[in-house]
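Just so you know, the sequences run in chain order A and B.
So the first sequence is residues 1 to 475, counted in UniProt numbering.
So the second sequence is residues 1 to 475, counted in UniProt numbering.
Positions of the beta carbon are idealized from the N, C-alpha and C atoms, including for glycine.
A short worksheet on the structure shown next.
There are 2 protein chains.
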Amino acid sequence: MPAPPEFLDWVDKNANTFIRRLKTAVEIPSVSGDASRRKDVVRMANFLNEELKAVGVTTQLIPLGTQEIEGETLDLPPAIVGRIGNDKNKKTILVYGHFDVQPAFKSDGWDTEPFELVHDEATGRLIGRGASDDKGPVLGWVNVLQWHRENGKELPVNLRCCFEGMEESGSEGLDELVLRESKPGGWFDGVDAVCISDNYWLNTRTPALTYGLRGLSYYKVTVSGPGRDLHSGVFGRTVYEPMTDLISIMSRLVDNRGNILIPGVEDQVSIADDDEKKIYAGLDYSIQDVEEAAGGKIALSSDKVEVLMGRMRHPSLSLHGIEGAFSGVGAKTVIPGKVSGKFSIRLVPPQTPESVDPLVVKYIEEQFKTLDTKSTLEIECLHGGKPWVADHNHWNFEAAKRATWSVYKKLPDLTREGGSIPVTLTFAESLGVNVLLLPMGRGDDGAHSTNEKLDKSNYLEGTKLLGTYLYEVAT
Amino acid sequence: MPAPPEFLDWVDKNANTFIRRLKTAVEIPSVSGDASRRKDVVRMANFLNEELKAVGVTTQLIPLGTQEIEGETLDLPPAIVGRIGNDKNKKTILVYGHFDVQPAFKSDGWDTEPFELVHDEATGRLIGRGASDDKGPVLGWVNVLQWHRENGKELPVNLRCCFEGMEESGSEGLDELVLRESKPGGWFDGVDAVCISDNYWLNTRTPALTYGLRGLSYYKVTVSGPGRDLHSGVFGRTVYEPMTDLISIMSRLVDNRGNILIPGVEDQVSIADDDEKKIYAGLDYSIQDVEEAAGGKIALSSDKVEVLMGRMRHPSLSLHGIEGAFSGVGAKTVIPGKVSGKFSIRLVPPQTPESVDPLVVKYIEEQFKTLDTKSTLEIECLHGGKPWVADHNHWNFEAAKRATWSVYKKLPDLTREGGSIPVTLTFAESLGVNVLLLPMGRGDDGAHSTNEKLDKSNYLEGTKLLGTYLYEVAT
Ligand SMILES: [Zn+2]
Ligand SMILES: [Zn+2]
Ligand SMILES: [Zn+2]
Ligand SMILES: [Zn+2]
């Protein structure tokens, strides 16, 4: 069913209230990765908890245990779970977001103080750390609930929420919480679908729904030989040098067109048929978009479908660097004694770390053998995560499509993201339900970067979108 | 002519005097690379100057100007030039050494305080920073002169000396001084040959004379494309990644047997004939020696001649590392936007940076073209130095051979070093005379490393050797 027109009107009239709410949130530097900011993350949890209670949510702050960080034992910030409604005739929707943020210092290159919300009237931008990732979207839900509370309106669905304060630091403690609360009697028992607003449109123009995320397998390949670093004057051309062997191995993993040279890895993935290609062809995206975002004329192809499929539905292998080699400025004549090459593969269904890792290990071992070297090899799989793809024809997505059309008068781009949001998989697997990624911000919001912003129009229309989604998903 | 037997006796009897002298010197932490130690380098210059004057040398402290270090302008420590004798019927010999040292902290892994001289009676080692590099050899000359002074004996040669305090920091200011003082009327005018005691035996058993040093050409190859570092989730398989191209280029420079793959570079060097190979075959050296020194069973060959020629008379190419890539511990999923590979080639005659650099640049440009990439390439030659080889049948070397036989009852190993001592070339070219490298310490002295030591026997026999050399070279 469509959202009440009074709600949509009210959103337009209350922009200043919403911006003040976001301003208060941004001013709390809830950086989860900085031990000295932990108290601010807790302060942010308390602020959000009060906001939620004020708009009628029954909440609980859930302690998540402790964490070792920079040598001290710290309490993890609590997660917030909440509920409104328990009507057997209504669908039950779980919404997720996070109230912690990435670190930010003005000296990183910000034009404004990162922990002050600056409303740039000329561009309509709301600038500040966390504005888009993920305080704006989280407060979008609060804004929606405020209207219902103030006007005595019942929600069209039973709502459950889960907001955490450790997303930017590996979501420590969350998997256990989700698993526990998904069981009978738990806070998430009976959830019919999940909606996560914590990613971005593909571009700056067209709303998006996201139905896929790539997984990851990260590798560390160590080649060693000498007992320590050697002087290249004394030892050059007398010993096997680990760097020479490592560089040779690293050069055999991927070509510069992105083709993965490890036998079997590409074969695991289906070839896109015409129907699937049509999805990518229909996305509002251009080669210019990717090159602007990358800051260089370096797209792998001039065919937008190919580039989009490269990011969204093909695995990719990137060489990240080398640990143990000379990495400073200037000229050091060292033969590094032990070097570790780092690379990772982004995975797509049906790939999993378990299906890919053995192929990688086998190939590198074989290639290393061909080097006939006296250096020794060690391969470690540092961490991994499965890819995720949801059914984008599910009623959960259909509701979001109708909501998008209703608010934006546009069909959303149906996207898959190249990166990972691990909690998505946690919800999908723990609850066994459809998960929808419903982004509020634009592709140029600069989450994790300097001058992070959320456009005021995205904040307002996004608030309408989240509210409208709840009505559309109800039926 | 042989050295006076009374001199040799006297050396044995005055060990404690020499050790006290070295102890005083080691206790002055004359670290030239540490701005906060600059006053200690000057203190060391003054100490050495007084020692020289006390044994009859006419000296002058020569200011070398200023230097920018860690953001401050510092006076360079003075060099010491000196002379004894001006007899037209005698040869004039210039000796060189340095009184500055490498940094050292106990926390680096020293078993003793680095700036205290510890005499380990069990092993006969004199342990302390600078004991072998290069305070021991410099004071060896002082010891020799002390005997002549105390006994009213004239030296068999005219002596000139040049001691500097910036050797471990690029010998700043020295080239200009040598060039200036080599001219008519300068301190080094009329020098017939040079003797430098600032390197090491090939092993721990056999004295050595060194007649060659490799040169160096250092390269920085930069590949760039994106405007900044990119997220591998978002951009993996959508853009040309600079690391992929750089690793590919770096893999084409050298094979793991040490063969340089850049066309023309190996061809510049002659093939060793049987006579030359005999020199290497005759050296007191084993594969075990190189593997012990390297700390691993990683020698390129089981043939000692091949391994020694690899270090001494062949060019070598070592890959040092990458600037701009991820080099830390852990797992970072970055696509580095701009990466610079560092490598260098050790040069042997007749190679020069000028003859090698164009081959390197041309090859890398050609190879880069075959990659057909949208990344861009920049090649820089960071610094270079020519190799040096002296005539080891020159009367300067013949004198050192006789002196070695006389003191050690052994023929010296005739060695070439794989590294560089740039001042050697400065003297050879400025003065146009034969330069002899006459090491005092052993191959395991650990110059630049922890627990640097000079064996007491090397200090005493080395003092005899330097003295005897002056007599043998006189005739
Ligand atoms: Zn986020
Ligand atoms: Zn984030
Ligand atoms: Zn030295
Ligand atoms: Zn040194």
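**Request:** Report the option in B:295, B:337 and B:109 whose CA atom is closest to the CA atom of residue 242 of chain B.
**Result:** With distances taken between Cα atoms, residue 242 of chain B lies closest to B:337.
**Prompt:** Residues of chain E with a CB under 9 Å from the CB of residue 320 of chain B: which are they?
**Reply:** Absent from the structure: chain E. Protein chains present are A and B.
**Asked** What is the DSSP secondary structure of residue 434 of chain A, counted as helix, strand or coil?
**Response** Three-state result, residue 434 of chain A: strand.
**Request:** Under 8 Å by Cβ, that's how I've got residue 145 of chain A and residue 55 of chain A pegged, so tell me the actual separation to the nearest angstrom.
**Result:** With a Cβ gap of about 4 Å, residue 145 of chain A and residue 55 of chain A count as contacting.
**Asked** Does the beta carbon of residue 250 of chain A sit closer than 8 Å to a beta carbon anywhere in chain B?
**Response** Residue contact with chain B for residue 250 of chain A: present (Cβ-Cβ distance below 8 Å to some residue of chain B).
**Any 3 or more C-beta pairs closer than 8 Å across the stretch 227-234 of chain A and the stretch 236-255 of chain B** = Flag = no, the stretch 227-234 of chain A and the stretch 236-255 of chain B do not touch.
**Prompt:** Which partner residues does residue 388 of chain A have in the DSSP bridge list?
**Reply:** Per DSSP, the beta bridge partners of residue 388 of chain A are A:213.
**Asked** Taking C-alpha atoms, which residue in A:155, A:281, A:88 and A:220 lies nearest to residue 189 of chain A?
**Response** Of the candidates A:155, A:281, A:88 and A:220, the residue whose Cα lies closest to the Cα of residue 189 of chain A is A:88.
**Prompt:** Per DSSP, what kind of secondary structure is residue 481 of chain A in: helix, strand or coil?
**Reply:** Look at the range of chain A in this structure, 1 to 475, and you will see that residue 481 of chain A is not part of it.
**Message:** Would you say the beta carbon of residue 383 of chain B is closer than 7 Å to some non-hydrogen atom of ligand 1?
**Reply:** For ligand 1, not one heavy atom lies less than 7 Å from the Cβ of residue 383 of chain B.
**Request:** Out of A:78, A:57 and A:288, point me to the one whose CA is closest to residue 177 of chain A's CA.
**Result:** Of the residues A:78, A:57 and A:288, the one whose Cα lies closest to the Cα of residue 177 of chain A is A:78.
**Asked** Mind checking if residue 208 of chain A is an interface residue toward chain B, Cβ cutoff 8 Å exclusive?
**Response** Taking Cβ atoms only, chain B never reaches closer than 8 Å to residue 208 of chain A, which makes this a no.
**Message:** When you measure from the CB of residue 102 of chain A to every non-hydrogen atom of ligand 2, does any distance come out below 7 Å?
**Reply:** Within the cutoff, so yes.
**Message:** Using a 10 Å radius around the Cβ and a threshold of 16 neighbouring Cβ atoms, would you call residue 72 of chain A buried or exposed?
**Reply:** It counts as exposed.
**Asked** Using a Cβ-Cβ cut-off of 6 Å (strictly less than) and excluding sequence neighbours within five positions of residue 226 of chain B, which residues of its own chain qualify?
**Response** 337, listed in sequence order.
**Prompt:** For residue 317 of chain A, which residues from the same chain have a beta carbon less than 7 Å from its beta carbon, with the 5 sequence-adjacent residues on both sides left out?
**Reply:** Excluding positions up to five away in sequence, the list reads 253, 254, 260, 343 and 345.
**Asked** Could you name the residues, in chain order, whose CB is less than 6 Å away from a heavy atom belonging to ligand 1?
**Response** This criterion selects A:98, A:133, A:134, A:167 and A:198.
**Prompt:** So, is residue 123 of chain B buried or exposed, given that buried needs 16 or more other C-beta atoms within 10 angstroms?
**Reply:** Exposed: under 16 other Cβ atoms inside 10 Å.
**Asked** Of all the residues that make up the stretch 339-362 of chain B, which are near chain A by a beta-carbon distance shorter than 7 Å?
**Response** Residues passing the 7 Å Cβ filter: 342, 344 and 346.
**Prompt:** Taking the alpha helix (DSSP H) that residue 7 of chain A falls in, what are its first and last residues?
**Reply:** Annotation: the continuous alpha helix (DSSP H) that includes residue 7 of chain A extends over 5-13.
**Item:** Residue interval of the beta strand (DSSP E) (run including residue 158 of chain A)
**Value:** Here the beta strand (DSSP E) through residue 158 of chain A covers 158-164.
**Prompt:** At a cut-off of 7 Å, is residue 231 of chain A close to ligand 4 when judged by its beta-carbon and the heavy atoms of the ligand?
**Reply:** Short note on residue 231 of chain A: C-beta not closer than 7 Å to any heavy atom of ligand 4.
**Request:** Out of B:53, B:216, B:187 and B:132, point me to the one whose CA is closest to residue 142 of chain B's CA.
**Result:** B:53 is the residue among B:53, B:216, B:187 and B:132 whose C-alpha sits nearest the C-alpha of residue 142 of chain B.
**Prompt:** Taking Cβ-Cβ distances shorter than 7 Å, what residues in chain B pair up with residue 382 of chain A?
**Reply:** The contacting residues are 331.
**Contacting residues, own chain, Cβ-Cβ under 7 Å from residue 210 of chain B (five flanking each side not counted)** = The residues are 199, 415, 416, 417, 437 and 439.
**Message:** What would DSSP say about residue 472 of chain B, mapped onto helix, strand or coil?
**Reply:** Looking at residue 472 of chain B - three-state DSSP - the assignment turns out to be helix.
**Request:** Flag residue 479 of chain B as yes if its beta-carbon sits less than 8 Å from any beta-carbon of chain A, otherwise no.
**Result:** Only positions 1 to 475 of chain B appear in this structure, which leaves residue 479 of chain B out of reach.
**Prompt:** Just curious, the alpha helix (DSSP H) that residue 307 of chain B is in, first and last residue?
**Reply:** If you look at residue 307 of chain B, you'll find it in the alpha helix (DSSP H) that goes 304-312.
**Request:** Select from B:70, B:300 and B:319 the residue whose C-alpha is nearest the C-alpha of residue 311 of chain B.
**Result:** Nearest of B:70, B:300 and B:319 to residue 311 of chain B, Cα basis: B:300.
**Burial state of residue 3 of chain B, where buried means 16 or more other Cβ atoms lie within 10 Å** = Buried, because 16 or more other Cβ atoms sit within 10 Å of the Cβ of residue 3 of chain B.
**Message:** Quick check: the Cα distance between residue 148 of chain B and residue 462 of chain B, rounded to an integer number of angstroms?
**Reply:** Using only the alpha carbons, I get a separation of about 17 Å.
**Item:** Beta-bridge partners of residue 376 of chain B, as assigned by DSSP
**Value:** B:224, per the DSSP bridge assignment.
**Asked** Where residue 64 of chain A and residue 420 of chain B are concerned, what is the direct C-alpha to C-alpha distance, given to the nearest angstrom?
**Response** One C-alpha to the other measures close to 59 Å.
**Request:** Spatial neighbours of residue 304 of chain B within its chain, please: CB distance less than 7 Å, with the 5 preceding and 5 following residues excluded, ordered by chain position.
**Result:** For residue 304 of chain B, same chain residues with a beta-carbon under 7 Å away, outside a window of 5 residues either side, are 285, 286 and 287 in chain order.
**Message:** Considering Cα atoms alone, identify which of A:109, A:397, A:138 and A:448 is closest to residue 472 of chain A.
**Reply:** Ranking the options by Cα distance to residue 472 of chain A, first place goes to A:397.
**Message:** Could you tell me which whole beta strand (DSSP E) segments of length 3 or greater appear in the UniProt domain "Peptidase M20 dimerisation" (211-369) of chain B?
**Reply:** Here the runs fully enclosed are 215-224, 316-323 and 338-347.
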